[in-house]
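Residues -23 to -1, 1 to 312, numbered by mature numbering (1 follows the signal peptide of the UniProt record, and there is no 0), are exactly what the sequence shown covers, in order. Here is the structure we will look at, set down as C-alpha cells.
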Amino acid sequence: MRKLLLTTTAIAFAVGAAAPAMAEFNSRNIRVSNGINQDHPVGNGIKAMQACLDEKSGGKLKLTAFWGGALGGDLQATQALRSGVQEAVVTSSSPLVGLIPSLGVFDLPFLFSNAKEADAVMDGAFGDMMNKKLEEQGLVNLAYWENGFRNLSNSKRAVNKWEDFSGLKVRVMQNNIFLDTFQNLGANATPMAFGEVFSALETNAIDAQENPYVTIDTSKFYEVQKYITETNHAYTPFLFLFSKPIFDSYTPEEQTALRECAVVGRDEERKVIRELNQKSLEKIKAAGLEVNTLSADEQARIREKSMIVYEKHKAEIGADVVDAVLADLKKIRGQ
Ligand code: KDG
C-alpha cells in the first residue's frame, strides 16, 4: 500500500513538473514578411525553423510567411515591427541604414572575400554588437541568414571592365553606400524598392540591377535581362527581425525557442542557398543570358577604385564600427 502511494505520488509529481513547462508556450501566429519569393532558400529556412518550433512548443508557435512583398516592402514591414503591429520580417540590412546608419558597414564594397568570412563576422561578437544597435531601435535580430554575394545584370551590353559601367541605369537599394559605389563606377544609379525592380527592368525604365544569382533566378529578373557579370561587389546579409515590443511580451521559453530555431533555420537556409547558387547561374545561362567574369586585374582595379567609398562613409557608419569589422577580418584572415 505504502509502495503504491509512493509510486502514485511520484507519477503525480512528474506530471505536475512537466505541465508548467508546456504552459510557458501560448498559441502564437507569427507573420513573417518577405520581399523574395517562396522558392528562394529562405522558404527552406522557414520550414526548418517551423519544424524546430513545433518540437519545442508542442505546435503552439506558428510561422505564417508572406512572399513577394505581399505585406509591403522591407522598410514598411520593418516600421510595422517597430510599432508592434507585425511580428517578423526577413530583410536585407541595406534598406534599413536610414534607421540604423551603422548597418551600412555591411554595404561597403568588397568587404568580405568569401562566405566563411561573412559567417564568422555575423555569428560572432561583431554581429552581436550590431544586434544591440537594432534592439535600441525596437528590432530583435534572431539570426543572420544569407542574401549573398551580389552580381550585376543588365539589358544593354557586356560589362567586362570599369569603363563598361559608364551611363548604365542601375537600380540600387535605397542606400547611400550602394548609390555611391555605383556612381563612382560611372553608372547612373537609381535607388528603388525591391518590389519595383522587375517591372522597371521589363519596361526599360532601368537597364540594370545587382543581386545574388539566387535572387536573379527566383525573382525572375533573368527573364528581362541579357547580360550578367560576376562582380561579387558586395555581400549583403538577411536579418531575421522580430518586433521588440511583441518579443518582450512573450514568455522566456517562447523567446528562447524563437532564437534557437532561427539559428536552425539559418543553417538550413545557408546550406540550400550555397548549393543553389551555381544551379541558379546555370539556369540563367540556359535562359540565354551572356555571362561574363571580370579578369583578376580588372577585379583588383575596381576594388582599388572603390575604396574611396570607405573613406566617404566611415564617419556616417561610425569609425568604431568600420575599424571593428576590419580588425575582425584581419584576425579571421590570420593577418
Ligand atoms: O525583401 C527582399 C529583400 O530584402 C532583398 O532581396 C533585398 O537584396 C535586396 C534588394 O536588392 O533589394
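The C-beta atom is built at its ideal place from N, Cα and C for all residues, glycine as well. Bear in mind the structure is a predicted one, so any value in this text is a computation, not a measurement.
Using beta-carbon positions only, say whether residue i and residue j come within less than 8 Å of one another.
| i | j | result |
| --- | --- | --- |
| D184 | V147 | yes |
| I23 | G81 | no |
| V299 | K221 | no |
| A211 | R127 | yes |
| T55 | L73 | yes |
| N181 | S226 | no |
| E231 | L38 | yes |
| F171 | K197 | no |
| residue 317 | P18 | Residue 317 lies beyond the range of the chain shown here (-23 to 312); nothing can be said about it. |
| G242 | A65 | no |
| G61 | I223 | yes |
| V98 | V240 | no |
| L52 | R8 | no |
| N14 | G50 | no |
| D194 | S257 | yes |
| N254 | Y190 | yes |
| S34 | A234 | yes |
| L306 | E112 | no |
| A273 | Y199 | no |
Grab the span of the alpha helix (DSSP H) containing residue i for me, first residue to last.
| i | result |
| --- | --- |
| G20 | 19 to 34 |
| Q160 | 153 to 161 |
| Y287 | 285 to 294 |
| A166 | That residue, A166, is in no alpha helix (DSSP H); its beta strand (DSSP E) goes 165 to 168. |
Hey, could you find the ends of the beta strand (DSSP E) residue i is sitting in?
| i | result |
| --- | --- |
| V74 | Per DSSP, V74 belongs to no beta strand (DSSP E) and is neither H nor E. |
| Y204 | 204 to 207 |
| Y121 | 116 to 126 |
| R5 | 5 to 11 |
Applying the criterion that 16 or more other CB atoms from any shown protein chain within 10 Å of the CB defines a buried residue, is residue i buried or exposed?
| i | result |
| --- | --- |
| Q186 | buried |
| Q63 | buried |
| S143 | exposed |
| A296 | exposed |
| A292 | exposed |
| E245 | buried |
| P229 | exposed |
| R310 | exposed |
| Q312 | exposed |
| A304 | exposed |
| N6 | exposed |
| G115 | buried |
Report all residues from its chain with a CB closer than 7 Å to the CB of residue i; omit the five preceding and five following residues, and keep chain order.
| i | result |
| --- | --- |
| I294 | P78, S79, G81, V82 |
| residue 341 | Since the displayed the chain opens at -23 and closes at 312, residue 341 lies outside it and no answer follows. |
| E179 | V201 |
| P286 | As written in the sequence, residue 286 is Val, which differs from the Pro given in the question. Excluding residues within five positions, the ones whose Cβ falls inside 7 Å are L85, P86, I154, D157, T158, N161. |
| A177 | R148, M169, I183 |
Closer than 8 Å, CB to CB, is residue i near chain C or not?
| i | result |
| --- | --- |
| V302 | This model lacks chain C altogether; it includes just one protein chain. |
Excluding five sequence neighbours on each side, which residues of the same chain lie with their C-beta closer than 8 Å to the C-beta of residue i?
| i | result |
| --- | --- |
| A135 | D141, Y204, T206, E267, N269 |
| L271 | N137, K138, T206, E207, T208, I279 |
| A164 | F142, S143, G144, L145, K146, V147, A185 |
With a threshold of 6 Å on Cβ separation, who are the neighbours of residue i within its own chain once the five nearest residues in sequence on each side are excluded?
| i | result |
| --- | --- |
| F43 | S10 |
| Q27 | L40 |
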